[in-house]
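Participant: Supplied in structure tokens, the structure appears directly below.
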Amino acid sequence: MAEQAQGAVPLSAVIADAATGVALALRGEGDPYAVSRILRQGDAASLAALRVLGADALAPYALDHRVCPGGDDEMVVRQALTAYPPGTDASEVSVWSYRGLVEASHSYLSGGAEPWPQPPQAAAGWVTADPWPKLAHRVSQLAALALPGLAPGLADDLATRTDDLARGFVRAVRRRDWLQAAGVGRWLSRLPKVPQTLGLDAGLAFVRQMSDGEPRVAVHVAAAHRFYGRGW
Amino acid sequence: MTVTAAPAPPALLHGVGDRALTWLDKHRDFFRLTDEDRATGAALIERLKPIGELAINMQVLFREGVAGSRQHARAGQLLDFTWRELLDGGNVLAALQHQEPLSPVPLEVYATFHELGHRHPALEAALEVPRRTATWTALEMVPNRRLGVLNAERKMRLPPSADFDQALAATWLGRMPEPWTVQHHIAYDLTHTVFHITNWGEAPERIPPALADYLARYLPAWMEDWADLEHWDLLGELLVVDACLPRPTLDGAMWERYAAAQSDSGAMPIQRGMPAGDPEVVFDLVHHPTLVAAFASAMATSRSLSADAAG
Numbered sequence: 001m002a003e004q005a006q007g008a009v010p011l012s013a014v015i016a017d018a019a020t021g022v023a024l025a026l027r028g029e030g031d032p033y034a035v036s037r038i039l040r041q042g043d044a045a046s047l048a049a050l051r052v053l054g055a056d057a058l059a060p061y062a063l064d065h066r067v068c069p070g071g072d073d074e075m076v077v078r079q080a081l082t083a084y085p086p087g088t089d090a091s092e093v094s095v096w097s098y099r100g101l102v103e104a105s106h107s108y109l110s111g112g113a114e115p116w117p118q119p120p121q122a123a124a125g126w127v128t129a130d131p132w133p134k135l136a137h138r139v140s141q142l143a144a145l146a147l148p149g150l151a152p153g154l155a156d157d158l159a160t161r162t163d164d165l166a167r168g169f170v171r172a173v174r175r176r177d178w179l180q181a182a183g184v185g186r187w188l189s190r191l192p193k194v195p196q197t198l199g200l201d202a203g204l205a206f207v208r209q210m211s212d213g214e215p216r217v218a219v220h221v222a223a224a225h226r227f228y229g230r231g232w
Numbered sequence: 233m234t235v236t237a238a239p240a241p242p243a244l245l246h247g248v249g250d251r252a253l254t255w256l257d258k259h260r261d262f263f264r265l266t267d268e269d270r271a272t273g274a275a276l277i278e279r280l281k282p283i284g285e286l287a288i289n290m291q292v293l294f295r296e297g298v299a300g301s302r303q304h305a306r307a308g309q310l311l312d313f314t315w316r317e318l319l320d321g322g323n324v325l326a327a328l329q330h331q332e333p334l335s336p337v338p339l340e341v342y343a344t345f346h347e348l349g350h351r352h353p354a355l356e357a358a359l360e361v362p363r364r365t366a367t368w369t370a371l372e373m374v375p376n377r378r379l380g381v382l383n384a385e386r387k388m389r390l391p392p393s394a395d396f397d398q399a400l401a402a403t404w405l406g407r408m409p410e411p412w413t414v415q416h417h418i419a420y421d422l423t424h425t426v427f428h429i430t431n432w433g434e435a436p437e438r439i440p441p442a443l444a445d446y447l448a449r450y451l452p453a454w455m456e457d458w459a460d461l462e463h464w465d466l467l468g469e470l471l472v473v474d475a476c477l478p479r480p481t482l483d484g485a486m487w488e489r490y491a492a493a494q495s496d497s498g499a500m501p502i503q504r505g506m507p508a509g510d511p512e513v514v515f516d517l518v519h520h521p522t523l524v525a526a527f528a529s530a531m532a533t534s535r536s537l538s539a540d541a542a543g
């Protein structure tokens, strides 16, 4: 990667490592999770990776709140939030993703000395207006928001589009776009009234199997299973 | 809730079929059997397939009555040509039946003409004996083909050789499996199941409600995918299925892509662009997708004009 200094670890590898840590924690495997052990303070690649993973970097804390207020975990999240506030020209997905990390901080890292920033306003008109292929694409990019308690309004709106998301899942699997399939499948696992005929449980297992262990796919499938009991 | 696509205008739907019929009419002599075809039974069955498909598709155009008087006449002429010249008034089917008495092919092809009022009494008599054997119902075939045989019997008002609902339950579509597992062969299995349930689009209401719901939910995903793969033969069959649903989408953007794939001559390529080569070779490759284009157009135009589209 051109922007990497010589000898630096590529960002994709940092993201993959962090995602593997999250997926292991969600499956109850590996060492106790600490975001600061996976993503280091003051390291540009770590902060960029945290931006990419969004709320998923904190997903294991949704299982139990054992983070120390004011500790390294809190600091690395604060740094990421400060480093990447969405600009006025940020895409809707970027704003929602940032909002997800803020919401996750409020929900899972409570009790710190300093208050967390307020979640930014994020446009939601697309949730009801997008044709299904575009909707599925955006929703998969926001898969990290499919966590307990996050983005309740988004979940309510998406609950009216389960047929369209089911179509998106089918198309993503057909296209072998495992990351999109896993992201859409993860959201479907959170929503009520998902069509039985979709075969979501087998579908999530199939996507994990076919993705050859892609770490971000593993996070989505593990989250669907751990938080919503879907897949196997 | 779902955000639905705008339906295609009737002129777009109709144009695809008009051009396809022009090509089929112009190339009708390529459907003819050669002496070599007649010499061996196996080759004859192979060569009868396109003739049977031509007949069924012209019957759809004739039946739907949406093609305009010029096209209606042309479809009728092609049916007469098929019966009189390609099948020699049914004698070709009778000869094949004599060679292979237990093959369901003569029955399947004859049923279309029987429905149109053509008769070959000797063939009907000859079919009666095999149909009363245990072998007739024991013949091994894929489940959707069994539906095709049952539909042919229904067309001829013969007692069914098996229970239609049980035969439907044995098909892929009848079980409504995971829609993300659909691949090329499964997709053709499910389109043909719909063709046989509905007698080639004549009776869309025969699709059981649960299957119609299943198809309405997942068909857009399959259509989108095979449109992306530029597989026009399969996309055309999926567009027929759409036109058979209680609330067809007649998706305008999808029909635009389909129409754009059609060649200036009216032929529809199987996948991507038109093949090159000798006229016979090209005919063998494109006659099926072009027949499908005529079929899809007739069905979609008919549904469009009856104003019950989902959009």
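Chains as they are written, first to last, in the numbering used here: chain A, 1 to 232; chain B, 233 to 543.
Cβ atoms here follow ideal geometry from the backbone N, Cα and C, with glycine treated the same way.
1. In the DSSP assignment, find the unbroken alpha helix (DSSP H) run with VAL207 (chain A) in it and report its ends.
2. For VAL217 (chain A) versus VAL173 (chain A), is the C-beta distance shorter than 8 angstroms?
3. If you reduce the DSSP assignment to three classes, tell me which class ARG445 (chain B) lands in.
4. CB ARG167 (chain A) to CB TYR490 (chain B), shorter than 8 angstroms?
5. Would a C-beta distance cut-off of 8 angstroms place ARG171 (chain A) and PRO131 (chain A) closer than the cut-off?
6. From GLN503 (chain B) to GLU462 (chain B), what does the alpha carbon distance come to, in whole angstroms?
7. Please go through the same chain and pick out, in chain order, the residues whose beta-carbon is closer than 7 angstroms to the beta-carbon of PRO192 (chain A), but skip the five residues on each side of it.
8. According to DSSP, is HIS350 (chain B) part of a helix, a strand, or is it coil?
9. Determine which residues of the segment 143-174 of chain A have a Cβ less than 7 angstroms from any Cβ of chain B, and write them out in chain order.
10. Taking MET486 (chain B) as part of the alpha helix (DSSP H), name the residues at either end of that continuous run.
11. Assign LEU174 (chain B) to one of two classes, buried (16 or more other C-beta atoms within 10 Å of its C-beta) or exposed (fewer than that).
12. Where does GLY236 (chain A) land, buried or exposed, given buried means 16+ other C-beta within 10 angstroms?
13. Quickly, what does DSSP pair HIS463 (chain B) with across the bridge? List them, please.
14. TRP454 (chain B) to LEU470 (chain B), Cα distance in whole Å?
15. Short of 8 angstroms Cβ to Cβ, which residues in the segment 188-202 of chain A face chain B?
16. By the criterion of Cβ-Cβ separation under 8 angstroms, what are the contact partners of ALA129 (chain A) in chain B?
17. Taking Cβ to Cβ, would you say GLY380 (chain B) is nearer than 8 angstroms to HIS428 (chain B)?
18. Quick test of the definition: if touching needs 3 or more C-beta pairs under 8 angstroms, does the segment 521-529 of chain B touch the segment 234-248 of chain B?
19. State yes or no: is the C-beta of LEU355 (chain B) within less than 8 angstroms of the C-beta of GLY322 (chain B)?
20. According to DSSP, simplified to helix, strand and coil, what is PRO131 (chain A)?
21. PRO239 (chain B) bridges to which residues according to DSSP?
22. Quick one: Cα of MET1 (chain A) to Cα of ALA16 (chain A), how far?
23. List the endpoints of the continuous alpha helix (DSSP H) containing SER94 (chain A).
24. Would you mind telling me which residues of chain A sit closer than 7 angstroms to MET290 (chain B), beta carbon to beta carbon, in chain order?
25. Indicate whether LEU81 (chain A) and VAL95 (chain A) have their beta-carbon atoms separated by less than 8 angstroms.
26. What does the Cβ neighbour count give for GLU268 (chain B), buried or exposed, with the cut at 16 atoms within 10 Å?
27. What is the residue span of the alpha helix (DSSP H) that PRO152 (chain A) lies within?
28. Can you check which of these residues, B:THR365, B:SER335, B:LEU390 and B:PRO452, is closest to MET373 (chain B) by C-alpha distance?
29. Please confirm whether TRP132 (chain A) has its beta-carbon closer than 8 angstroms to some beta-carbon of chain B.
30. Is ASP164 (chain A) buried or exposed, if buried means 16 or more other CB atoms sit within 10 Å of its CB?
31. Judging by CA-CA distance, which residue of B:PHE515, B:VAL524, B:HIS330 and B:ALA327 is the nearest neighbour of ARG264 (chain B)?
32. For a test of the three-state rule: what should DSSP assign to TRP232 (chain A), helix, strand or coil?
33. Report the start-end ranges of each alpha helix (DSSP H) in the segment 358-420 of chain B that is 4 residues or longer and not cut off at the edges.
34. When you compare the CB of ALA453 (chain B) with every CB in chain A, is at least one pair closer than 8 angstroms?
35. Among B:LEU325, B:SER301, B:ALA237 and B:MET506, whose alpha-carbon lies nearest the alpha-carbon of LEU280 (chain B)?
36. Closest by CA to GLY112 (chain A), which one among A:VAL93, A:THR128 and A:GLY70?
Facilitator: Checking against the coordinates, here is how it stands:
1. Locating residue 207 (chain A) in the first sequence gives position 207, where the first residue counts as 1. Per DSSP, VAL207 (chain A) belongs to the alpha helix (DSSP H) from 200-210.
2. In the first sequence, residue 217 (chain A) corresponds to position 217, counting from 1. In the first sequence, residue 173 (chain A) corresponds to position 173, counting from 1. For VAL217 (chain A) and VAL173 (chain A), no; Cβs fall outside 8 angstroms.
3. Within the second sequence, residue 445 (chain B) is the residue found at index 213, counting from 1. Strictly speaking, residue 445 (chain B) in this sequence is Asp, with Arg absent from that position. Correct three-state label for ASP445 (chain B): helix.
4. Taking the first residue of the first sequence as position 1, residue 167 (chain A) is located at position 167. Taking the first residue of the second sequence as position 1, residue 490 (chain B) is located at position 258. Contact: no.
5. Residue mapping note: residue 171 (chain A) aligns to position 171 of the first sequence, counting from 1. Residue mapping note: residue 131 (chain A) aligns to position 131 of the first sequence, counting from 1. No, Cβ-Cβ distance for ARG171 (chain A) and PRO131 (chain A) is not below 8 angstroms.
6. Taking the first residue of the second sequence as position 1, residue 503 (chain B) is located at position 271. Taking the first residue of the second sequence as position 1, residue 462 (chain B) is located at position 230. Roughly 6 angstroms between the two C-alpha positions.
7. Looking up residue 192 (chain A) in the first sequence gives position 192. For PRO192 (chain A), where only same-chain residues beyond five positions count, the Cβ hits under 7 angstroms are ALA159.
8. Taking the first residue of the second sequence as 1, we reach residue 350 (chain B) at position 118. HIS350 (chain B) falls in the coil class under three-state DSSP.
9. THR160, ARG161, ASP163, ASP164, ALA166, ARG167, PHE169, VAL170, ARG171, VAL173 and ARG174
10. As a first step, residue 486 (chain B) is located in the second sequence; it is residue number 254 there, counting from the start. Here the alpha helix (DSSP H) through MET486 (chain B) covers 484-493.
11. Lying outside 233 to 543, the shown extent of chain B, residue 174 (chain B) is not represented and no answer is given.
12. Here chain A comprises residues numbered 1 to 232, so residue 236 (chain A) is not present and cannot be evaluated.
13. Walking along the second sequence from the start, residue 463 (chain B) turns up at place 231. Looking at the DSSP assignment, HIS463 (chain B) forms a beta bridge with B:GLN503.
14. Along the second sequence, one-based indexing puts residue 454 (chain B) at 222. Along the second sequence, one-based indexing puts residue 470 (chain B) at 238. Each residue's Cα considered, the two are about 8 angstroms apart.
15. PRO195, THR197, LEU198, GLY199 and ALA202
16. Position 129 of the first sequence, counting from 1, holds the residue named residue 129 (chain A). What ALA129 (chain A) touches in chain B: VAL235.
17. The residue you call residue 380 (chain B) lines up with position 148 of the second sequence. The residue you call residue 428 (chain B) lines up with position 196 of the second sequence. The answer is yes: Cβ separation under 8 angstroms.
18. yes
19. Position 123 of the second sequence holds residue 355 (chain B). Position 90 of the second sequence holds residue 322 (chain B). It is a contact, given that the beta carbons lie within the stated cut-off.
20. The residue you call residue 131 (chain A) lines up with position 131 of the first sequence. DSSP places PRO131 (chain A) in coil when its eight states are reduced to three.
21. Start at 1 with the first residue of the second sequence, and residue 239 (chain B) comes out as number 7. Bridge partners of PRO239 (chain B): B:ASP483.
22. The residue labelled residue 1 (chain A) in the question sits at position 1 within the first sequence. The residue labelled residue 16 (chain A) in the question sits at position 16 within the first sequence. Bear in mind that a pLDDT of 43 at MET1 (chain A), under 50, signals an unreliable position, so the number given afterwards is only what the model happens to contain. If you take the alpha carbons of MET1 (chain A) and ALA16 (chain A), they lie about 15 angstroms apart.
23. In the first sequence, residue 94 (chain A) corresponds to position 94, counting from 1. Here the alpha helix (DSSP H) through SER94 (chain A) covers 92-108.
24. Indexing the second sequence from 1 puts residue 290 (chain B) at position 58. Chain A residues near MET290 (chain B): none, gap ~33 angstroms exceeds 7 angstroms.
25. Mapped onto the first sequence, residue 81 (chain A) falls at position 81. Mapped onto the first sequence, residue 95 (chain A) falls at position 95. Not in contact: LEU81 (chain A) and VAL95 (chain A) (Cβ atoms no closer than 8 angstroms).
26. In the second sequence, counting from the first residue as 1, residue 268 (chain B) sits at position 36. Counting Cβ neighbours within 10 Å, GLU268 (chain B) comes out exposed, since fewer than 16 surround it.
27. Counted from its first residue, the first sequence places residue 152 (chain A) at position 152. Element bounds for PRO152 (chain A): 152-158.
28. Numbered from its first residue, the second sequence carries residue 373 (chain B) at position 141. For MET373 (chain B), the nearest C-alpha among the options comes from B:SER335.
29. In the first sequence, counting from the first residue as 1, residue 132 (chain A) sits at position 132. With 8 angstroms as the cut-off, TRP132 (chain A) counts as an interface residue toward chain B.
30. Stepping through the first sequence from its first residue, residue 164 (chain A) is reached at position 164. Its Cβ being crowded by 16 or more others within 10 Å, ASP164 (chain A) is buried.
31. For the purposes of this step, residue 264 (chain B) is taken as the residue at position 32 of the second sequence. Comparing Cα-Cα distances from ARG264 (chain B) to each of B:PHE515, B:VAL524, B:HIS330 and B:ALA327, the minimum goes to B:PHE515.
32. As a position in the first sequence, residue 232 (chain A) is number 232, starting the count at 1. Three-state result, TRP232 (chain A): coil.
33. 366-370, 375-387, 396-401 and 404-407
34. Numbered from its first residue, the second sequence carries residue 453 (chain B) at position 221. Closer than 8 angstroms: yes.
35. In the second sequence, residue 280 (chain B) corresponds to position 48, counting from 1. Per the Cα distances, B:LEU325.
36. Sequence index remark: in the first sequence, residue 112 (chain A) carries index 112 (1-based). The shortest C-alpha separation from GLY112 (chain A) is found at A:GLY70.
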